[in-house]
Amino acid sequence: MLSGIQPTGELHIGNYLGAVRTWRQQIEEGTEETMFCIVDAHAITVPYEPKELRRNIDAFAIDLIACGLDPEKTTLFVQSDVREHTELAWYLASVTPMGDLHRMTQFKDKGEGKDFVSTGLFTYPVLMSADILLYKAQIVPVGEDQVQHLELARETARRFNHRFHGEGGVDIMVEPRPRLSSTPRIMGLDGTSKMSKSKGNTIGLFEEPKPFWDKLKKAYTDPLRLKLSDPGRPEVCNIYTMHKAISADETILEVAHKCTTAAWGCVACKQVLFDNFQKELIPLRTKRAQLDIEKVRQALGDGASKARRIAASTMTEVRTAMGLGSLAT
Ligand code: SF4
Numbered sequence: 003m004l005s006g007i008q009p010t011g012e013l014h015i016g017n018y019l020g021a022v023r024t025w026r027q028q029i030e031e032g033t034e035e036t037m038f039c040i041v042d043a044h045a046i047t048v049p050y051e052p053k054e055l056r057r058n059i060d061a062f063a064i065d066l067i068a069c070g071l072d073p074e075k076t077t078l079f080v081q082s083d084v085r086e087h088t089e090l091a092w093y094l095a096s097v098t099p100m101g102d103l104h105r106m107t108q109f110k111d112k113g114e115g116k117d118f119v120s121t122g123l124f125t126y127p128v129l130m131s132a133d134i135l136l137y138k139a140q141i142v143p144v145g146e147d148q149v150q151h152l153e154l155a156r157e158t159a160r161r162f163n164h165r166f167h168g169e170g171g172v173d174i175m176v177e178p179r180p181r182l183s184s185t186p187r188i189m190g191l192d193g194t195s196k197m198s199k200s201k202g203n204t205i206g207l208f209e210e211p212k213p214f215w216d217k218l219k220k221a222y223t224d225p226l227r228l229k230l231s232d233p234g235r236p237e238v239c240n241i242y243t244m245h246k247a248i249s250a251d252e253t254i255l256e257v258a259h260k261c262t263t264a265a266w267g268c269v270a271c272k273q274v275l276f277d278n279f280q281k282e283l284i285p286l287r288t289k290r291a292q293l294d295i296e297k298v299r300q301a302l303g304d305g306a307s308k309a310r311r312i313a314a315s316t317m318t319e320v321r322t323a324m325g326l327g328s329l330a331t
């Protein structure tokens, strides 16, 4: 199983509830070999500051390990430390029709209205296909917004296998299967779009309690609930979605009841959510405070070495099948 996260901005509560917490559970279950990649080469497809990117890579690695992505139990690495990602992306571009990339909705969303749209943003899904196919990953956990990209990776694997063959005619690429997140989509604090660093509608997972609460208490709720006496509609409220992701079952029932009967106001409801977040975050904060950046970088280096061994083996197959290089073996 392989997944990746882009080191942009900071790790936020949407990342945690929608992905990272599930990754930790999968590592703890130990039923699958897992790989997690900090996808820095994806982060450069939009304008960025190099020094900030470097800082973010360290920060994401620390935060992910604090969240339970223990490098002793999983392979955690940085994408650009394994050069084969970008090499394979170029080769896969040769079997990816431009029409498929034009259909990608994320490109349209991210590129719309911008003065500068990089070619990298357009070919981003090809690099994502390479990230997955390089390791012959069988399962890729995805949110709804990534399903289209994963379908492209599957299609790319089929196209590659149709055109090129390994020794004895075997398929080289493995078609990855999506594993849809069971957590409903967490919207941003504005309640109108996905929680996303680029939209500035997030709460950092490791923000101090006061700024965390200051942001949460202003978060958008049911727009028709104007007065305390108005019954609310939990099913349209992002705060309720977060309760469902983090609160105990009896609390979720209590939230639904007190909301629909106007037994409490939104601030009280958010206070309970805030307390539950803090309870969950205490052990993560403790772990994070104990992490040493040099040891974290060492762990990333070890992770990259392990990833490189798998990547090198796939690339030997790929180059040979495609007839590339003077010493293709
Ligand atoms: Fe949302 Fe809670 Fe307010 Fe209901 S009471 S609208 S669930 S914040």
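Just so we're aligned, residue 3 is where the sequence shown starts under our numbering, counting upward by one.
Note that CB positions come from ideal geometry on N, CA and C, so glycine has one too.
In this text, all values refer to a predicted model and were calculated from it rather than measured experimentally.
Around the beta carbon of Met100, fewer than 16 other beta carbons sit within 10 angstroms, so the residue counts as exposed. In this structure, Ala155 places its C-beta atom within 8 Å of the C-beta atom of Leu135. In the three-state scheme derived from DSSP, where H, G and I count as helix and E and B as strand, Thr77 is classed as strand.
Collapsing the DSSP output to three states places Cys268 in a helix. Of the residues assessed, Val149 falls on the exposed side of the cut-off, its CB having fewer than 16 other CB atoms within 10 angstroms.
Going by DSSP, Ile141 is part of the beta strand (DSSP E) stretching over 141-144. Of the residues Ser131, Arg165, Arg57, Thr47, the one whose Cα lies closest to the Cα of Phe109 is Thr47. Three or more Cβ pairs closer than 8 Å define a contact, and the region 229-244 falls short of that threshold against the region 32-49.
By DSSP's assignment, Pro180 forms a beta bridge with Val142. Bounds of the beta strand (DSSP E) holding Ile40 are 37-40. Here Leu207 is near Asp65, since their CB atoms are less than 8 Å apart. In this structure, Pro180 lies near Val144, with their beta-carbon atoms less than 8 Å apart. Nearest C-alpha to Asn203 among Ile254, Met189, Leu326: Met189. Secondary structure at Leu283: helix, using DSSP grouped into helix, strand and coil.
For Gly305, the uninterrupted alpha helix (DSSP H) segment begins and ends at 295-324.
Judged by the Cβ position, Lys272 qualifies as a neighbour of ligand 1 at the 7 Å threshold, a heavy atom of the ligand being closer than this. A distance criterion of 7 Å places the beta-carbon of Tyr242 in contact range of ligand 1, judged by its closest non-hydrogen atom.
The residue from Asp133, Ser131, His104 with its alpha-carbon nearest to that of Thr121 is His104. Boundaries of the beta strand (DSSP E) around Gly6: 4-7. Annotation for Met130: the continuous alpha helix (DSSP H) segment containing it runs 121-135. Beta-bridge partners of Gly206 (DSSP): His14.
For Arg187, the closest alpha carbon among the candidates Glu114, Asp102, Tyr242 is that of Tyr242. Residue burial is scored here from C-beta neighbours: Ile284 has fewer than 16 other C-beta atoms within 10 angstroms and is therefore classed as exposed. Looking at the backbone, the Cα of Ile312 and that of Glu319 are separated by about 11 Å. Using a 10 angstroms sphere on the CB of Phe162, the tally of other CB atoms reaches 16 or more, which defines it as buried.
Per DSSP, His167 lies in no alpha helix (DSSP H) and is assigned neither H nor E.
CA-CA distance, Arg165 to Lys138, rounds to 17 Å. Our two residues, Asp173 and Lys116, have alpha carbons roughly 40 Å apart in a direct line. The Cβ-Cβ distance between Lys199 and Gly11 falls below 8 Å. By the C-beta density criterion, Arg26 is buried, having at least 16 other C-beta atoms within 10 angstroms.
If you check the CB distance, Thr185 and Gly20 come in under 8 Å. The distance from the Cβ of Leu228 to that of Ile205 is about 24 Å, inconsistent with a contact at the 8 Å cut-off. Here Ala45 is near Pro9, since their CB atoms are less than 8 Å apart.
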